[in-house]
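Encoded as structure tokens, the structure appears first; notes follow it.
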Amino acid sequence: QVQLVESGGGLVQAGGSLRLSCAASGIIFRINAMGWYRQAPGKQRELVASVRSSGSTVYADSVKGRFTISRDNAKNTVYLQMNSLKPEDTAVYYCNAVTGLNYWGKGTLVTVSS
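Take the sequence shown: its letters are residues 11 to 124, numbered as in our numbering.
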């Protein structure tokens with residue numbers, strides 16, 4: 011079992027920045043990859059960014075150049091630095107960990123006002 015706790019969401023104006031954090035606990039040595047997904051009202055959940063245990067990263071085209079995913083292995087935490095936020099980034103952001111099974115956090119709301 012892996013437990014994930016997100017933090018860092020909130021309300022920000024367009025052009026602003028936020029940093030999301032996701033702390034993992036449990037069977038963390040089995041985690042192959044961690045990432046962030048988001049789900050806006052009326053839309054499907056989509057991948058925002060992910061980082062594998064090798065350090066390789068993947069980003070959605072819509073966030074490339076604006077968002078950065080990173081991980082602190084000592085703290086078992088993954089971060090999502092979000093810059094130049096746009097109203098269309100408004101969504102609930104979910105932390106994800108993959109061990110062969112998918113684990114999800116409860117989500118944190120990010121609201122970007124225009």
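We put the CB at the ideal spot given by N, CA and C, even for glycine.
Minimum C-alpha distance to residue i - residue among the options
{"i": "K85", "options": "A33, S17, A24", "result": "A33"}
{"i": "Y113", "options": "I37, T67, L28, G18", "result": "I37"}
{"i": "A59", "options": "P51, S94, V73", "result": "V73"}
Separation of residue j from residue i, as counted between CA atoms
{"i": "Q49", "j": "C105", "result": "11 Å"}
{"i": "R40", "j": "R76", "result": "30 Å"}
{"i": "V22", "j": "S124", "result": "9 Å"}
{"i": "T121", "j": "V108", "result": "27 Å"}
{"i": "S31", "j": "Q54", "result": "22 Å"}
{"i": "D99", "j": "N93", "result": "11 Å"}
Simplified DSSP assignment, three categories, for residue i
{"i": "R62", "result": "strand"}
{"i": "R40", "result": "helix"}
Cβ neighbours of residue i in the same chain (closer than 7 Å, five flanking residues each side left out)
{"i": "T78", "result": "Q91"}
{"i": "Y69", "result": "A59, F77"}
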